[in-house]
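**Q** The structure follows.
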Amino acid sequence: MKQLPGNNNFTPAQAYWNQRHTLKSLHERILALAEAVDRKTDLWPVQWAQIMAAALEFKPDLILELGRGKGNSTCAFTEVANQLRNEGANCNVVSLCISDDWENVTQWGVLQEVDEEWFRPLKALKGNILTFDYDSILKGVKRCLVLWDAHGYDVAECVLGRIMPKIAGIPNLVIMHDLSDARYEPPETSSYKGNRLWRGNNWSGPRIRLGYIDSTVEQAVAIVDFISRNKISFDSADHSFDIEIKRDAVKYKEMQEMLGNDLFSTGAHWFWFTLNEVMGTLTYPYFGAVVNNNFYEISIFERVQILGVSLRNAVIEQPHLKDIIPRINRYLKTEQTNLAVKMIETELGHLEESIEIFRKLREFVLKIQKDDAMHLYRLPESIQMPLTL
Numbered sequence: 144m145k146q147l148p149g150n151n152n153f154t155p156a157q158a159y160w161n162q163r164h165t166l167k168s169l170h171e172r173i174l175a176l177a178e179a180v181d182r183k184t185d186l187w188p189v190q191w192a193q194i195m196a197a198a199l200e201f202k203p204d205l206i207l208e209l210g211r212g213k214g215n216s217t218c219a220f221t222e223v224a225n226q227l228r229n230e231g232a233n234c235n236v237v238s239l240c241i242s243d244d245w246e247n248v249t250q251w252g253v254l255q256e257v258d259e260e261w262f263r264p265l266k267a268l269k270g271n272i273l274t275f276d277y278d279s280i281l282k283g284v285k286r287c288l289v290l291w292d293a294h295g296y297d298v299a300e301c302v303l304g305r306i307m308p309k310i311a312g313i314p315n316l317v318i319m320h321d322l323s324d325a326r327y328e329p330p331e332t333s334s335y336k337g338n339r340l341w342r343g344n345n346w347s348g349p350r351i352r353l354g355y356i357d358s359t360v361e362q363a364v365a366i367v368d369f370i371s372r373n374k375i376s377f378d379s380a381d382h383s384f385d386i387e388i389k390r391d392a393v394k395y396k397e398m399q400e401m402l403g404n405d406l407f408s409t410g411a412h413w414f415w416f417t418l419n420e421v422m423g424t425l426t427y428p429y430f431g432a433v434v435n436n437n438f439y440e441i442s443i444f445e446r447v448q449i450l451g452v453s454l455r456n457a458v459i460e461q462p463h464l465k466d467i468i469p470r471i472n473r474y475l476k477t478e479q480t481n482l483a484v485k486m487i488e489t490e491l492g493h494l495e496e497s498i499e500i501f502r503k504l505r506e507f508v509l510k511i512q513k514d515d516a517m518h519l520y521r522l523p524e525s526i527q528m529p530l531t532l
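By the numbering used here, the letter at position 146 of the sequence shown is numbered 289, and the numbering carries on one by one without gaps.
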């Protein structure tokens, strides 16, 4: 068991067990909020209960949510913050996401289940995770829980290279979603199922298997690299629930009877770690900040590269796309990246016959468009960006 200051021998299973009575009292609230969010496939109610138990047990004064989507974990953690405040603790939730689903859709449904006071601990911000001023929210924080749910290597560099150094000196707990433990998956999940090799964030079929970590997202690679260099334990909630609850017949029966299938399962599909177990000096990846105006000189160069790979793949099914590559290259060489993006978006109309390729390209374009500082990015003249086929 990992030693967290103030929470000796913390494990997800210990939290699940210790918080079972609180979870039972919140049974109807959790199900009602999950219905209000209306995106159970992103986070099932049983996963709400699991991460809520972890947060209630850890008792952070700040919960930092990186990636919100429709707001499942946002609601789960806001309920936790309210519960902790009722106990006299001071817990706040800061949620960062580029999506506006929360403000435009979800919060109005949630308001049908709670009063406005319930939202008091929450700051749901629409913004860029890469450019956010974390010092503004971490100053004075004594215990921090991070939910790392946003995807991509850019975000991974920010989390590992910028956020982790700021919380390493205080009790911390990091939860990572979208990672499965292959030890608890059916044997057939080991099959490639006719898919090509995984090449990056991909929801269409290909998955990456690193030891017993099974995922479709890039942070799986980044975290394995980070914990390997720093000799940090990294394990699944599934494993904790199996060895500490499922193998204990008395506990398992009580959890089943108390929480039912809605809120109890030993299947989790999330991992966790803490920096507090490391006694020596930690090593972090470089996160390339531009001092002027707090903007970052990553993203546009790397994302256009990704667009190039996607276009090359698209040409296999849509040969006519080959004709736009030279035009895109001309724009890139003159540093008119925004025009290149607009051209790609225009050409997306030709991809409707290939729905999957259309979705992938559209996703990459939206990532670039939603970068608030995109117009400030320029490709150095010395950099060549040939999108060759």
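We treat Cβ as the ideally placed atom computed from N, Cα and C, and that holds for glycine.
1) Can you say whether residue 260 is buried or exposed, counting buried as having 16 or more other CB atoms within 10 angstroms of its CB?
2) Could you give the uninterrupted runs of the alpha helix (DSSP H) lying entirely in the region 198-268, keeping only those of 4 residues or more?
3) Return the chain-ordered ranges of every beta strand (DSSP E) run that is complete within the region 272-332 and spans a minimum of 3 residues.
4) For residue 327, I'd like the list of residues in its chain whose CB is within less than 6 Å of its CB, leaving aside the five on either flank, ordered along the chain.
5) Measuring alpha carbon to alpha carbon, tell me which of 302, 188, 269, 279 ends up nearest residue 410.
6) Rounded to a whole number of angstroms, what is the C-alpha to C-alpha distance between residue 155 and residue 383?
7) Report the option in 279, 330, 272 whose CA atom is closest to the CA atom of residue 352.
8) DSSP puts residue 353 in a beta bridge; with which residues?
9) Measure the alpha-carbon distance for residue 396 versus residue 342 and round it to whole angstroms.
10) Which whole-angstrom value is the C-beta distance of residue 211 and residue 242, which I expect to be below 8 Å?
11) On the DSSP letters alone, give me the boundaries of the beta strand (DSSP E) that residue 160 sits inside.
12) Can you check which of these residues, 179, 345, 165, is closest to residue 256 by C-alpha distance?
13) Starting from residue 414, follow the beta strand (DSSP E) in both directions and report where the run begins and ends.
14) Using a threshold of 8 Å, state whether the C-beta atoms of residue 216 and residue 290 are closer than that.
15) Are the beta-carbon atoms of residue 245 and residue 267 separated by less than 8 Å?
16) I'd like to know whether the C-beta atoms of residue 272 and residue 209 end up nearer to each other than 8 Å.
17) From residue 313 to residue 425, what distance separates their C-alpha atoms?
18) Measure how close the beta-carbons of residue 174 and residue 368 come, nearest whole angstrom, since I'm counting them as under 8 Å.
19) Check whether the Cβ atoms of residue 205 and residue 284 lie closer than 8 Å to each other.
20) Between residue 360 and the rest of its own chain, which residues show a CB-CB distance below 7 Å, the 5 nearest in sequence each way excluded?
21) Can you say whether residue 203 is buried or exposed, counting buried as having 16 or more other CB atoms within 10 angstroms of its CB?
22) Let's see if you can read the secondary structure: which residues bound the alpha helix (DSSP H) around residue 173?
23) CB-CB under 7 Å to residue 275, same chain, minus the five flanking residues each way: which ones, in chain order?
24) Let me confirm a value: residue 164 is counted as buried when at least 16 other C-beta atoms fall within 10 Å, else exposed. Which label applies?
25) Please classify residue 449 as buried or exposed, where buried requires at least 16 other C-beta atoms within 10 Å of its C-beta.
26) How big is the Cα-Cα spacing for residue 161 and residue 388?
27) Looking only at its chain, what residues have a beta carbon closer than 7 Å to the beta carbon of residue 354, apart from the 5 residues adjacent to it on each side?
28) For residue 379, which beta-bridge partners are listed by DSSP?
29) Starting from the C-beta of residue 408, find all residues in its chain whose C-beta is less than 7 Å away, skip the five residues before and the five after it, and write them out in chain order.
30) So what does DSSP say about residue 344, is it helix, strand or coil?
31) Look at the Cβ atom of residue 196, then the Cβ atom of residue 166, and state whether they are nearer than 8 Å.
32) Buried or exposed for residue 374, please, with buried defined as at least 16 other CB atoms from any protein chain shown within 10 angstroms of its CB.
33) Within 10 angstroms of its Cβ, does residue 417 collect 16 or more other Cβ (buried), or is it exposed?
34) The alpha helix (DSSP H) with residue 405 in it runs from where to where?
35) Could you check if residue 413 is buried or exposed, using at least 16 other CB atoms within 10 Å of its CB as the buried criterion?
36) In this structure, does DSSP put residue 152 in helix, strand or coil?
**A** Let me lay it out:
1) Your numbering for residue 260 matches position 117 in the sequence shown. Its Cβ having fewer than 16 others within 10 Å, residue 260 is exposed.
2) Counting only runs of 4 or more, we get 215-229, 250-253.
3) Runs of the beta strand (DSSP E) inside the region 272-332: 287-291, 315-320, 322-324.
4) For the purposes of this step, residue 327 is taken as residue 184 along the sequence shown, with counting starting at 1. Contacts found: 381.
5) The count along the sequence shown starts at 1 and reaches residue 410 at position 267. Ranking 302, 188, 269, 279 by CA distance to the CA of residue 410 puts 188 first.
6) As a position in the sequence shown, residue 155 is number 12, starting the count at 1. As a position in the sequence shown, residue 383 is number 240, starting the count at 1. For residue 155 and residue 383, the distance between alpha carbons rounds to 6 Å.
7) Here residue 352 is taken as the residue at index 209 of the sequence shown, counted from 1. Residue nearest to residue 352 within the set 279, 330, 272 is 330 (criterion: CA-CA distance).
8) For this step, residue 353 is matched to residue 210 along the sequence shown. Listed as beta-bridge partners of residue 353 by DSSP are 356.
9) Counting from one through the sequence shown, the residue named residue 396 turns up at place 253. Counting from one through the sequence shown, the residue named residue 342 turns up at place 199. Note on geometry: alpha-carbon atoms of residue 396 and residue 342 lie some 42 Å from one another.
10) Looking up residue 211 in the sequence shown gives position 68. Looking up residue 242 in the sequence shown gives position 99. Between residue 211 and residue 242 the beta-carbon gap is near 6 Å, inside 8 Å, which marks them as a contact.
11) Here residue 160 refers to the residue found at position 17 of the sequence shown. Following the DSSP letters along the chain, one finds residue 160 in no beta strand (DSSP E) but inside the alpha helix (DSSP H) bounded by residues 155-161.
12) Here residue 256 is taken as the residue at index 113 of the sequence shown, counted from 1. Here the closest residue by C-alpha is 179.
13) Position 271 of the sequence shown holds residue 414. Annotation for residue 414: the continuous beta strand (DSSP E) segment containing it runs 413-416.
14) For the purposes of this step, residue 216 is taken as the residue at position 73 of the sequence shown. For the purposes of this step, residue 290 is taken as the residue at position 147 of the sequence shown. Against a cut-off of 8 Å, the Cβ pair of residue 290 and residue 216 comes out as a contact.
15) Numbered from 1 along the sequence shown, position 102 holds the residue referred to as residue 245. Numbered from 1 along the sequence shown, position 124 holds the residue referred to as residue 267. Yes, these two residues count as a Cβ contact at 8 Å.
16) Along the sequence shown, one-based indexing puts residue 272 at 129. Along the sequence shown, one-based indexing puts residue 209 at 66. In terms of Cβ geometry, residue 272 and residue 209 form a close pair [threshold 8 Å].
17) Start at 1 with the first residue of the sequence shown, and residue 313 comes out as number 170. Start at 1 with the first residue of the sequence shown, and residue 425 comes out as number 282. Going by the C-alpha atoms only, they are around 14 Å apart.
18) Here the question's residue 174 lines up with position 31 in the sequence shown. Here the question's residue 368 lines up with position 225 in the sequence shown. Between residue 174 and residue 368 a beta carbon distance of about 38 Å is seen, past the 8 Å cut, so the two are scored as non-contacting.
19) Here the question's residue 205 lines up with position 62 in the sequence shown. Here the question's residue 284 lines up with position 141 in the sequence shown. It is a contact, given that the beta carbons lie within the stated cut-off.
20) By one-based count along the sequence shown, residue 360 stands at place 217. Answer for residue 360: 294, 321, 344, listed in chain order.
21) Position 60 of the sequence shown, counted from the first residue, corresponds to residue 203. Per the 10 Å Cβ criterion, buried.
22) As a working mapping, residue 173 is identified with position 30 in the sequence shown. Residue range 170-180 is occupied by the alpha helix (DSSP H) that includes residue 173.
23) As a first step, residue 275 is located in the sequence shown; it is residue number 132 there, counting from the start. Closer than 7 Å at the Cβ level, and outside the excluded window around residue 275, lie 239.
24) Here residue 164 refers to the residue found at position 21 when the sequence shown is read from its first residue. Exposed.
25) Residue mapping note: residue 449 aligns to position 306 of the sequence shown, counting from 1. Note that residue 449 has pLDDT 47, beneath the 50 cutoff, so the model's placement of it is unreliable and the number below is only indicative. Burial call: buried.
26) Here residue 161 corresponds to residue number 18 of the sequence shown, with the count starting at 1. Here residue 388 corresponds to residue number 245 of the sequence shown, with the count starting at 1. Taking the Cα positions, residue 161 is about 12 Å away from residue 388.
27) Sequence index remark: in the sequence shown, residue 354 carries index 211 (1-based). Excluding sequence neighbours, residue 354 sits near nothing in its chain.
28) Residue mapping note: residue 379 aligns to position 236 of the sequence shown, counting from 1. Paired residue(s): 414.
29) What you label residue 408 is simply residue 265 of the sequence shown in a count that begins at 1. The answer, listed in chain order, is 189.
30) Taking the first residue of the sequence shown as position 1, residue 344 is located at position 201. Residue 344: coil per DSSP, three-state reduction.
31) For this step, residue 196 is matched to residue 53 along the sequence shown. For this step, residue 166 is matched to residue 23 along the sequence shown. Taking 8 Å as the Cβ cut-off, residue 196 and residue 166 qualify as a contacting pair.
32) The residue given as residue 374 occupies position 231 in the sequence shown. Exposed, because fewer than 16 other Cβ atoms sit within 10 Å of the Cβ of residue 374.
33) Taking the sequence shown and counting its residues from 1, one reaches residue 417 at position 274. Counting other Cβ atoms within 10 Å of its Cβ, residue 417 reaches 16 or more and is therefore classed as buried.
34) Locating residue 405 in the sequence shown gives position 262, counting from the first residue. From DSSP, the alpha helix (DSSP H) with residue 405 extends over 392-406.
35) The count along the sequence shown starts at 1 and reaches residue 413 at position 270. Under this definition residue 413 is a buried residue.
36) Against the sequence shown, residue 152 aligns to sequence position 9. In this structure, DSSP gives residue 152 an extended state, which the three-state scheme calls strand.
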